[in-house]
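Order-wise, the sequence lines are chains A and B. The working numbering numbers the first residue of the first sequence as 267 and each following residue consecutively. The working numbering numbers the first residue of the second sequence as 267 and each following residue consecutively. First the structure, in the form of structure tokens, and then the observations on it.
2 protein chains.
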Amino acid sequence: MRIIVDAMGGDNAPGEIVRGALAAHGKNGIEIVLVGREKDVRSAGAAYGGIPAGVRVVNATEVIEICDDPATAFKHKKDSSITVGLNMLKAGEGDAFVSAGSTGALLSAATLLVKRVRGIRRAALAPVIPTAGGQAVLIDCGANAECTVEYLVQFAYLGSFYAKRVLHLDKPRVGLLNIGAEPSKGDTLRQETYQALREAGERGELNFIGNIEGKEAMKGGCDVIVSDGFSGNIMLKTIEGAASFLGGEIKKLFLQSAKNKVAGLLVKDSLRQFKEMLNPDRIGGTAFLGISRPVIKAHGSSGAAAIENAVYQAEVVASSGFIADVEAHWSV
Amino acid sequence: MRIIVDAMGGDNAPGEIVRGALAAHGKNGIEIVLVGREKDVRSAGAAYGGIPAGVRVVNATEVIEICDDPATAFKHKKDSSITVGLNMLKAGEGDAFVSAGSTGALLSAATLLVKRVRGIRRAALAPVIPTAGGQAVLIDCGANAECTVEYLVQFAYLGSFYAKRVLHLDKPRVGLLNIGAEPSKGDTLRQETYQALREAGERGELNFIGNIEGKEAMKGGCDVIVSDGFSGNIMLKTIEGAASFLGGEIKKLFLQSAKNKVAGLLVKDSLRQFKEMLNPDRIGGTAFLGISRPVIKAHGSSGAAAIENAVYQAEVVASSGFIADVEAHWSV
């Protein structure tokens, strides 16, 4: 399994990216290809014992910056790490592509260079979020601010295939993120999507459990949360913010008094596990579902550990059979 | 200050409602009027030492149920506690109305019986949510699933006046809930609203700080979070779900081992405070902003403590000068 890594994307590129990618090299049969300014990549690698002989470095002289227009950057910067890496993915020179670069630029480039699976209208971002039930796929959460019924229905299928193949769930429970449980709730988009998903459920193609509210979703009420990219992003960022806020309050609590400080020492290890559960680096990346080859977006602030995990996730997605399921469904 | 309380609304009516309202009677100069089936109200009151002489009970023979059509229930059930109570509010027989009944029915009834302030297009639900910065007004969070630029701009003013008068903030920082910080982020609705709010900021009418993401909002990045009712509701319910999920994990953590149990005993009081901070009953209710008289919606699951707090909140809103500010702004 060969994973192509954008060495120039993200706040901590190239140092942390190269470090994380090298850590994954050789594990689970993973072979790494680093794409970026060769001189910078090699000097970053030198800080961590040098680039091993088995790791290929592909030179790409340009870097897509956050200020570049996401929709067109990959065209204007034909020698950027994203453009070069995705062209390699398309040409079959790797099995998946990992980047911590601009989400918008990566999405446009993946859509226009690697292309969507035939029949898929829009690719979607689908992070796996922690819930009281374990985890759930949240699709879409930012790629498509404005959606149609068809997009949402496709997201439901994409999320369901992903949950089956990547999270190994037999009949993933698909819920439509809404502001009430009844079919009549929400805006026209939700009401019409509800009917379409209900029909897909009746045909046995989806395990549609109906509308789901944010609260029930966090409690683990379903395995796939279907949303337009706007509300999904609000949900994702609210979870991040709430976890950070509550984590901070818990931290303050253990500093409130001498007694509390003692308690803090007693539960130190458990607190670390608790923090780890909420650590966005644990999974590392978010797959772009609907693209014809695996493209994994890592957090812009990714450090080495997050990149390493994103590489493992890329390997899991690439070997899961997920894309074959999507192709088979839409080829009918 | 006379507060009219819907004794029949909510999951725990009339028992807990009557109990909570009676607990607030006489405090801060509050006088309670209970509206509902007189026999049921009096027998509920009997369980708590009887209805005091100063508390008026107004008979209303009908009850709006959750299965009634929210848009028309108040018309078909003219003798329901919501219809009777709101007509009393309109007639000046009380200074505010508190109900734990159906949000939709209460909103329709308040809009059509008590009316909006002249010039206001839509009333909005505006709960005060806890953030790392203290608190923030989230407007709208469920009354209007589909919004226009004009609605959102009005929500910004309503929320700002509310934060000034009720939360006592001098220049409330108004943020537009969005999926990125730049003015170009989000859908057309957000892009156009951004421009309108920027202009209101330049005129010195609002302290508009720009777009705000869910994460930054939870960190306390602004005092008024402006949203359509759909995304706002997703945000609110996600906070509730995340708090419940994380609270549950913390609870589990303190049961993991004997050592952790000891730690749990040490921080018992602090944990209670932590839980209290997240307790939705602490504030008790959510004001409907834009209605010409104070209408407070309490949680459907409200117990006596939540109702008591909702009554205090009604008193605060009614004496705050908030509605006068709104009237003055839109009379220009």
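Quick reminder that beta carbons are idealized off the backbone N, C-alpha and C, glycines included. Please read these numbers as outputs of a predicted model, since none were measured by experiment.
Report task. Using three-state DSSP, classify lysine 563/A as helix, strand or coil. Result -> strand
Query raised in the report: Roughly how many angstroms separate the alpha carbons of aspartate 345/A and serine 426/A, rounded to a whole number?
Result: 36 angstroms
Query - Backbone CA spacing between cysteine 488/A and aspartate 361/A [nearest angstrom] - result: 30 angstroms
Query raised in the report: Exposed or buried, alanine 319/A, counting other C-beta atoms within 10 Å across all chains shown (16 or more means buried)?
Result: When all chains shown are included, alanine 319/A counts as exposed.
Requested in this report: List the whole-angstrom C-beta distance separating isoleucine 298/A from glutamate 581/A, where the pair is believed to meet the contact cut-off of C-beta under 8 angstroms.
Outcome: Not a contact, Cβ separation roughly 11 angstroms.
Query raised in the report: At a CB-CB cut-off below 7 angstroms, which residues of chain B make contact with isoleucine 475/A?
Result: By Cβ distance, chain B contributes nothing, its closest Cβ being about 16 angstroms from isoleucine 475/A, past 7 angstroms.
Query raised in the report: How would you write the range of the beta strand (DSSP E) that glutamate 297/B sits in, first residue to last?
Result: Element bounds for glutamate 297/B: 297-302.
Query raised in the report: Is isoleucine 332/A buried or exposed, if buried means 16 or more other CB atoms sit within 10 Å of its CB?
Result: exposed
Query - Residue span of the alpha helix (DSSP H) that contains arginine 456/B, given as start and end - result: 454-468
Query raised in the report: Is there at least one Cβ from chain B nearer than 8 angstroms to lysine 437/A's Cβ?
Result: no
Query raised in the report: CB-CB under 6 angstroms to glutamine 401/A, same chain, minus the five flanking residues each way: which ones, in chain order?
Result: Val394
**Report entry** Pairwise C-alpha distance: aspartate 306/B and leucine 327/B
**Finding:** It is worth fixing the name first, because residue 327/B is threonine in this sequence and not leucine. For threonine 327/B and aspartate 306/B, the distance between alpha carbons rounds to 10 angstroms.
Query raised in the report: Just curious, the beta strand (DSSP E) that valine 323/A is in, first and last residue?
Result: Its beta strand (DSSP E) spans residues 322-325.
Query raised in the report: When the distance is taken between beta carbons, is tyrosine 417/B closer than 8 angstroms to arginine 388/B?
Result: yes
Query raised in the report: Hey, is threonine 504/B's beta-carbon within less than 8 angstroms of any beta-carbon in chain A?
Result: yes
Query raised in the report: From the beta carbon of aspartate 335/A, is the nearest beta carbon of chain B less than 8 angstroms away?
Result: no
Query - Neighbour list for lysine 481/B in chain A, Cβ cutoff strictly below 8 angstroms - result: Lys503, Thr504, Glu506, Gly507 and Ser510
Query raised in the report: DSSP on glutamine 522/B, reduced to helix/strand/coil?
Result: The answer is coil: DSSP assigns glutamine 522/B none of H, G, I, E or B.
Query raised in the report: Whole-angstrom Cβ separation of glycine 480/A and lysine 503/B, contact assumed at under 8 angstroms?
Result: Glycine 480/A to lysine 503/B, Cβ: 3 angstroms. Contact.
Query raised in the report: Who are the near neighbours of lysine 381/B in its chain, counting only those whose CB is closer than 7 angstroms to its CB and skipping five residues on each side?
Result: Listed in chain order, the non-local C-beta contacts of lysine 381/B below 7 angstroms within the same chain comprise Ser558, local neighbours out to five positions each way being set aside.
Query - Beta bridge counterpart(s) of phenylalanine 363/B as assigned by DSSP - result: Ile270/B and Val561/B
Query raised in the report: Which residues in the same chain have their Cβ closer than 8 angstroms to the Cβ of threonine 377/B, if we skip the five residues on either side of it in sequence?
Result: Ala389 and Ile557
Requested in this report: Name the two residues that bound the continuous beta strand (DSSP E) containing leucine 394/A.
Outcome: Residue identity differs from the one stated: residue 394/A is valine in this sequence, not leucine. Note, valine 394/A: beta strand (DSSP E), 394-397.
Query - Beta-carbon spacing of alanine 572/A, alanine 564/A below 8 angstroms - result: yes
Query - Option in Met274/B, Ile491/B and Pro336/B with minimal Cα separation from glycine 599/B - result: Since the first and last residues shown for chain B are 267 and 598, residue 599/B lies out of range.
Query raised in the report: Run through DSSP, which three-state label would threonine 338/B get?
Result: coil
Requested in this report: Under 8 angstroms between beta-carbons, which chain B residues line up against phenylalanine 554/A? List them in chain order, please.
Outcome: Residues of chain B whose Cβ lies closer than 8 angstroms to the Cβ of phenylalanine 554/A do not exist; the shortest such Cβ separation is about 16 angstroms.
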